[in-house]
Structures are given as C-alpha cells and as structure tokens.
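Okay, structure first, notes after.
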Amino acid sequence: GKNNMIEPSLLSSNLMNVGQDLRIIEKCGIERLHIDVMDGKFVPNLAFSPNFTAQLNKKTNLFLDCHLMTYRPEKWVDCFDEAGANLITVHVESTPHIYKVIQQVKDLHKKVGIALNPGTSLSSIKWLLSLVDQVLIMTVNPGFGGQNFITEMVNKILALKQLRQESGTDFQIEVDGGITSETIKPCMQAGADVFVAGSFIFNNTKIEEKIKQLQQIDNL
Ligand code: DX5
Ligand code: ZN
C-alpha cells in the first residue's frame with residue numbers, strides 16, 4: 008500500500024554524535040529527518056537554528072522537515088529555506104495569517120506542512136487542505152521530547168483521513184510526539200503516513216535497532 012515513513016527527530020539525539028548517527032540513519036534506509044525549531048515563546052523551550060540546519064544539509068542528502076514551533080513563522084521561513092529545508096511545517100496557532108505563510112513557502116518552491124496542537128480543531132484547516140503537502144497532528148503538547156502519547160489523537164487522525172477522502176486532496180498525514188513501537192500501531196491503522204520519533208530512537212545506545220523496530224511495524 009502506501010509508503011509509511013519513519014522520521015527521526017534530532018531533538019533527543021546526542022548532539023556530540025550527530026555526525027555518526029546520520030550515517031546510521033542513512034544506512035537504515037531512512038529518507039527524512041525531523042528538525043524541531045523552538046523560539047521559547049510559542050513553546051517553553053529553545054531548539055535548532057538555521058545554522059544547525061545548514062550544517063546538517065552539508066553533511067547529508069536526507070530530506071529535511073523543519074517543524075517551526077515559533078510565533079511569527081513568516082519571519083523564519085526564508086532562513087530555513089536558505090538553510091536547505093525541503094519541507095517547512097508551520098503551526099496554525101502561531102500566526103493570524105496562516106494562508107499567507109503557506110503562500111510564502113510555496114513561492115519558494117518548497118514543500119509546505121501545517122501543524123496542529125492537540126487542542127486545535129480540524130475545522131481550522133478546512134480551507135487549507137488543497138494547498139498543503141502535509142498535515143502534522145501533534146500527539147503531545149509541543150516543546151519537549153519524551154512525553155506520553157495522547158491516545159485521543161488517534162480519533163483526530165481518523166477524522167483527518169476522512170476529510171482527506173471527502174475533499175479529494177492528497178496531503179500526507181504526519182504524527183509527532185510519544186511515538187513508540189506500540190503507539191505507532193493505532194496511528195498507522197488510523198491513516199498516518201509519516202511517523203516522527205525522537206526519544207524512542209535516541210534515548211539509548213542502539214539507535215539502529217530502534218529504527219529497525221519501527222520499520223518492521225512499518226512493513227506489516
Ligand atoms: C516535540 C517535538 C517532537 C519531539 C518528539 O515538541 O515536536 O518532534 O522531538 O519527541 P518524542 O518522540 O520523544 O515524543
Ligand atoms: Zn517536532
């Protein structure tokens with residue numbers, strides 16, 4: 008059927024090893040990398056910069072999915088475009104002009120994603136669905152790795168998949184937060200296509216095994 012994809016999130020990785028870990032990730036056949044960007048305002052944490060993204064881009068051909076958890080994302084889109092982002096994901100809660108930011112990303116000929124916090128309703132993106140390449144359903148409150156998966160979000164994935172069918176659009180559904188070899192299953196069944204995983208992969212020394220564990224479920 009569809010291509011289910013595992014997208015490692017570097018947020019929980021050991022940054023002292025990131026060069027070596029990239030080689031392991033590539034060897035596993037991973038195609039995409041998740042880069043969390045936090046401004047300390049939209050979420051209570053700070054994370055990766057355009058500079059870090061540009062350095063990654065020099066070291067790997069992996070597809071770079073930049074998840075902007077910042078207010079005024081319009082201010083950061085150009086920076087991450089120049090840094091080599093392949094897909095720029097913007098939170099619908101982070102700007103009053105989400106439609107305009109989507110246009111801004113598309114004008115740069117980059118793929119565009121929209122993200123929803125757990126409490127944000129699908130109705131907020133109804134008029135955007137035909138424009139975007141991906142919709143990211145947050146399955147934790149954004150800001151930190153290692154949190155517990157919010158089970159109720161499985162129904163949101165289901166509802167989004169239904170919306171996709173009804174509207175005849177073909178964006179990918181991505182899930183982010185608390186994804187493990189267990190929680191990935193209901194998400195997959197509900198219709199998610201791309202699975203971000205941070206602490207499950209990186210909070211141990213055998214990241215290759217952990218990736219393969221997720222990929223195995225992927226192939227069921
Ligand atoms: C959380 C980030 C996630 C985070 C996921 O705000 O958006 O990408 O890295 O980490 P885990 O998989 O540990 O929940
Ligand atoms: Zn993320």
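Numbering (UniProt numbering), first residue to last: 8 to 227. Glycine is no exception: its CB is placed at the ideal position from the N, C-alpha and C atoms. Since we're looking at a predicted model, the values are computed, not measured.
Contacts around residue i, its chain only, beta-carbon distance under 6 Å, and the 5 residues preceding and following it disregarded
| i | result |
| --- | --- |
| S101 | F49, Y78, P80 |
| K199 | It should be noted that the sequence gives Ala, not Lys, for residue 199. Excluding positions up to five away in sequence, the list reads I164, I180, V182. |
| residue 265 | Residue 265 cannot be examined here, being either before or after the span of the chain that is shown, 8 to 227. |
Check whether residue i and residue j have beta carbons under 9 Å apart
| i | j | result |
| --- | --- | --- |
| E33 | T67 | yes |
| F144 | K118 | According to the sequence provided, residue 144 is Ile. The question's Phe does not apply to it. Cβ distance not < 9 Å, so I144 and K118 don't count as in contact. |
| K168 | I180 | yes |
| L165 | K133 | no |
| I224 | A204 | no |
| N124 | P103 | no |
| Q222 | I31 | no |
| I157 | G184 | yes |
Residues near residue i in its chain [Cβ-Cβ closer than 7 Å; skip 5 each side]
| i | result |
| --- | --- |
| L29 | K66, T67 |
| N211 | K217 |
| A60 | Here residue 60 is Thr; the residue named in the question, Ala, does not match the sequence. I42, L71, C73, F87, A90, G91, A92, listed in sequence order. |
| residue 5 | This structure gives no information on residue 5, because the portion of the chain shown stretches from 8 to 227. |
First through last residue of the alpha helix (DSSP H) which encompasses residue i
| i | result |
| --- | --- |
| K118 | K118 -> not in any alpha helix (DSSP H); beta strand (DSSP E) instead, spanning 118-123. |
| E89 | 84-90 |
| V139 | From DSSP, V139 is part of no alpha helix (DSSP H); its letter is neither H nor E. |
Length of the line joining the Cα atoms of residue i and residue j
| i | j | result |
| --- | --- | --- |
| I109 | V139 | 8 Å |
| E159 | H98 | 20 Å |
| F151 | V44 | 11 Å |
| S131 | T176 | 16 Å |
| P57 | E38 | 20 Å |
| G26 | D114 | 32 Å |
| I208 | S137 | 33 Å |
| I95 | V112 | 7 Å |
| C194 | Q62 | 32 Å |
| A54 | N21 | 14 Å |
| N64 | L40 | 10 Å |
Opening and closing residue of the beta strand (DSSP E) in which residue i lies
| i | result |
| --- | --- |
| P15 | 12-15 |
| R30 | Here R30 belongs to no beta strand (DSSP E); instead the alpha helix (DSSP H) covers 25-34. |
| R39 | 39-45 |
| F202 | 201-204 |
Distance cut-off 8 Å: residue i Cβ against heavy atoms of ligand 3
| i | result |
| --- | --- |
| A92 | Because ligand 3 does not appear in the structure shown, any question about it cannot be addressed here, the ligands present being ligand 1 and ligand 2. |
Own chain residues within Cβ distance below 8 Å of residue i, not counting five before or after
| i | result |
| --- | --- |
| K107 | E81 |
Give the residues whose C-beta lies closer than 5 Å to at least one heavy atom of ligand 2, in chain order. D43, H74, D183
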